[in-house]
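Presented below is the structure to which this report refers.
In the numbering used here, the protein residues as written are 2 to 389.
Spelled out as structure tokens, the structure:
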């Protein structure tokens with residue numbers, strides 16, 4: 002639908018030389034209706050109170066089409082942006098915000114933004130002297146809810162932002178499909194995060210981002226990545242095996258992702274995935290500025306792959322997988338060096354087993370004290386998998 006086809010505004014105004022108030026306000030823009038009130042005083046250092054109650058709005062209707070963004074030339078993946086987009090760009094002037102005092106509430110019944118559908122939004126804003134706090138910011142979406150607080154500090158040259166996020170019960174697959182038109186993960190997500198950054202453009206915000214948090218996905222799947230199949234058939238990881246018609250996926254009962262972010266680099270050292278047949282540990286980094294990946298995944302079978310195309314018992318098998326590339330084009334490949342090291346490690350007997358080998362040989366019938374070193378060595382080597 003077209004934007005700004007219908008606009009209507011009604012309110013009552015009352016004021017004097019140092020204050021003004023708007024009451025019984027009604028605003029209609031296309032299909033959206035809002036009732037509001039607003040008061041302002043002390044115009045040299047404005048003090049503003051407000052109450053906005055919106056029934057619904059489709060913000061995508063008023064934003065530039067996505068095709069317009071693609072026309073702008075973007076830097077290559079892994080490269081630094083031009084200097085004009087970073088610290089050398091003209092600094093914004095926040096002097097007006099430093100004088101502002103504000104206290105208000107915003108409510109909305111339904112909102113559509115970037116494809117995402119939200120409802121029952123409540124935002125309370127309060128601030129003065131260059132420090133503004135949003136507490137709480139409540140919203141429901143995709144069968145879950147988000148409760149967060151945020152602080153914006155513009156007292157210094159660069160704006161500093163702090164965010165505390167708590168999300169529960171969100172169905173992640175339909176959310177990603179609506180926002181990104183992709184479905185690389187399924188399940189219910191719970192998230193907790195404390196983040197902070199300094200800056201007012203995308204590059205500086207990502208580069209100065211620091212914090213920590215936890216994402217917990219339950220009863221879901223990683224879509225487009227068949228880890229059991231990759232481990233069962235290494236050829237498939239190189240694209241040599243015949244692919245089925247169904248899109249590959251790795252089911253899980255729990256995917257836990259604790260993380261830290263330091264200067265724009267996301268890091269996890271103990272991410273884990275649990276499923277009926279797999280236990281997976283993962284560690285690595287994701288650079289939010291260059292959008293590059295460097296992860297290692299260590300899976301371990303805890304049962305057979307019955308129901309996933311395999312009847313064999315594969316308990317204990319470890320095949321590391323490396324994840325590299327970019328956010329837009331991740332690459333998965335088996336860690337062949339890691340596989341070799343693991344097999345060598347598993348093939349070498351423990352010291353106690355080595356002693357037992359010699360003892361058992363000496364006890365055999367016909368063994369003499371003068372048995373040659375060569376014979377003992379041959380017997381010893383037979384204890385290894387490759388010596389049998």
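Glycine included, C-beta positions come from ideal geometry on N, C-alpha and C. Predicted model only: the values in this text are computed from it and were never measured.
Residue i to residue j span [Cα, whole Å]
i           : j           : result
residue 191 : residue 144 : 12 Å
residue 224 : residue 251 : 7 Å
residue 54  : residue 107 : 6 Å
residue 199 : residue 341 : 45 Å
residue 60  : residue 278 : 44 Å
residue 102 : residue 151 : 17 Å
residue 113 : residue 194 : 24 Å
residue 226 : residue 120 : 33 Å
residue 333 : residue 325 : 7 Å
residue 48  : residue 4   : 32 Å
residue 52  : residue 294 : 44 Å
residue 29  : residue 7   : 7 Å
residue 58  : residue 268 : 37 Å
residue 240 : residue 281 : Note on residue 240: pLDDT 48, under 50, position unreliable in the model; no value is reported.
residue 336 : residue 228 : 13 Å
residue 125 : residue 248 : 44 Å
residue 302 : residue 211 : 35 Å
residue 12  : residue 98  : 26 Å
residue 181 : residue 202 : 21 Å
residue 96  : residue 46  : 11 Å
residue 123 : residue 322 : 44 Å
Under the three-state DSSP convention, the category residue i falls into
i           : result
residue 175 : helix
residue 289 : coil
residue 31  : coil
residue 193 : strand
residue 180 : helix
residue 248 : coil
residue 96  : helix
residue 338 : helix
residue 22  : strand
residue 64  : coil
residue 42  : strand
residue 228 : helix
residue 168 : strand
residue 113 : strand
residue 7   : coil
residue 205 : helix
residue 368 : Legend: pLDDT at residue 368 = 49, less than 50; position of this residue unreliable, value from coordinates given subsequently. Here residue 368 sits in coil by DSSP.
residue 241 : At residue 241 the pLDDT is 43, less than 50, meaning the model places this residue with poor confidence; the figure from the coordinates comes in the next sentence. Coil.
Residue(s) in a DSSP beta bridge with residue i
i           : result
residue 104 : 50, 127
residue 273 : 257, 282
residue 136 : For residue 136, which the question treats as bridged, DSSP gives no partner whatsoever.
residue 298 : 283, 322
residue 154 : 132, 161
residue 149 : 138, 166
residue 55  : 35, 109
residue 210 : Paired residues: none, contrary to the question.
residue 222 : 187, 252
residue 266 : 263, 288
residue 331 : 326
residue 216 : 192, 258
residue 16  : 21
Sequence-distant residues of the same chain with beta carbon closer than 6 Å to residue i, five excluded per side
i           : result
residue 74  : With a pLDDT of only 48 at residue 74, under 50, the local geometry of the prediction cannot be trusted, and no value is derived from it.
residue 272 : 258, 283
residue 328 : 292
residue 141 : 120, 121
residue 256 : 218, 274
residue 147 : 140, 168
residue 288 : 266
residue 18  : none
residue 34  : 56
Residue i CB to nearest heavy atom of the ligand COA below 7 Å
i           : result
residue 141 : The ligand COA is absent from the structure shown, which contains no ligands of any kind.
Nonlocal neighbours in the same chain, by C-beta distance under 7 Å from residue i, ignoring five residues either side
i           : result
residue 179 : 116, 117, 118
residue 153 : 133, 160, 162
residue 183 : 177
residue 206 : 198, 200
residue 10  : 28
residue 261 : 213, 268
Sequence-distant residues of its chain with Cβ nearer than 8 Å to residue i (five each side left out)
i           : result
residue 276 : 251, 252, 253, 254
residue 156 : 99, 130, 131, 132
residue 44  : 19
CB contact check: residue i to chain D, cutoff 8 Å
i           : result
residue 216 : Included in the structure is just one protein chain, with no chain D present.
> Between the stretch 55-65 and the stretch 92-106, are three or more C-beta pairs nearer than 8 Å?
Replying inline: The stretch 55-65, when compared against the stretch 92-106, does not touch it at the 8 Å Cβ threshold.
>> Does the contact criterion of 3 or more C-beta pairs under 8 Å hold for the stretch 6-26 versus the stretch 37-54?
In response: Judged by Cβ distances under 8 Å, the stretch 6-26 makes contact with the stretch 37-54, as three or more pairs qualify.
> Hey, is the stretch 125-139 in contact with the stretch 169-176, meaning 3+ C-beta pairs nearer than 8 Å?
Replying inline: Because the criterion of three Cβ pairs below 8 Å is not met, the stretch 125-139 and the stretch 169-176 do not touch.
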